[in-house]
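Residue numbers (our numbering): 331 to 505. Shown next, in C-alpha cells, is the structure this report addresses.
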C-alpha cells in the first residue's frame, strides 16, 4: 500500500536521524539519554511499526531517578495519525502512577490524539518530539483529564503522598 510505504519511509528516516543524534540518544557517552528503536521480531527482522523506547526522568523532578519504558505503536497512516503510546508495567507489575496514564499503560495526552478527536496531533511531530513531550508530561499532569482515578485523587489531595509513590516507583526504574 502507498500509505504503508510512506509511513515506513518516514519511520526509517526518523530512525536514521535518531541514531545520529549522539547528544540526545542513549550511548556510552550519554548513558542517561533517551532510547528509541524498532522492536526486533522473532525472526531477527525489525518491526518499524512498534518501537521500544525509554524516557529518562527529567532532572530536578520526582521522576529524575527513573528510566521509564514505553512502546510506541505506529499505523500505516503515520505521520497523518499519531502513534499509540503505552508505558510498560513496572518490574513489580504495577502501572505507572500518574493521573493521565490508564491502568493498561496507555497515555492520555492531547498531543497524541487526532485533531478530529479533539487532540493536537500534527504530522510535523517526530519520535523525538513525542518522547520529549512525554518526559514533560510525566511531571505536569493534567488534572482535568484523569485516566487513573487513584493517582488523580492522590495528586489532587495529597501532593506529598503522590510524590512519595512516584519516587518509590522510580526506584524500580533507576538509571
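For every residue, glycine included, the Cβ atom is placed at its ideal position computed from N, Cα and C. Every value quoted in this text rests on a predicted model; they were computed, and no experiment measured them.
Just measuring C-alpha positions, the residue of 459, 486, 500 sitting nearest residue 355 is 459. For residue 360, the three-state secondary structure derived from DSSP is strand. Taking every protein chain shown into account, the CB of residue 466 has fewer than 16 other CB atoms within 10 angstroms, so this residue is exposed.
Spatial neighbours of residue 369 in its own chain (CB-CB distance under 8 Å, excluding positions within 5 residues in sequence) are listed in chain order as 376, 377, 380, 381, 382, 401. Straight-line measurement puts the Cα of residue 444 at about 34 Å from the Cα of residue 491. DSSP, reduced to helix, strand and coil, places residue 396 within a strand of the structure shown.
In the structure shown, the three-state DSSP call for residue 473 is coil. For residue 415, the enclosing beta strand (DSSP E) starts and ends at 414-417. Residue burial annotation: residue 429 is buried, with at least 16 other C-beta atoms found within 10 angstroms of its C-beta. For residue 348, the enclosing alpha helix (DSSP H) begins and ends at 332-350. In the structure shown, residue 388 falls within a coil segment according to DSSP collapsed to helix, strand and coil.
Look at residue 502 here: in three-state DSSP terms it is helix.
Annotated as distal: residue 417 and residue 405, with beta-carbon spacing of 9 Å or more.
CA-to-CA, the gap between residue 440 and residue 344 works out to about 22 Å. Between the C-alpha atoms of residue 347 and residue 365 there is a straight-line separation of about 13 Å. Shown here, residue 467 sits in a helix according to DSSP, grouped into three states.
Contact check for residue 453 against residue 410 passes: the beta carbons are separated by less than 9 Å.
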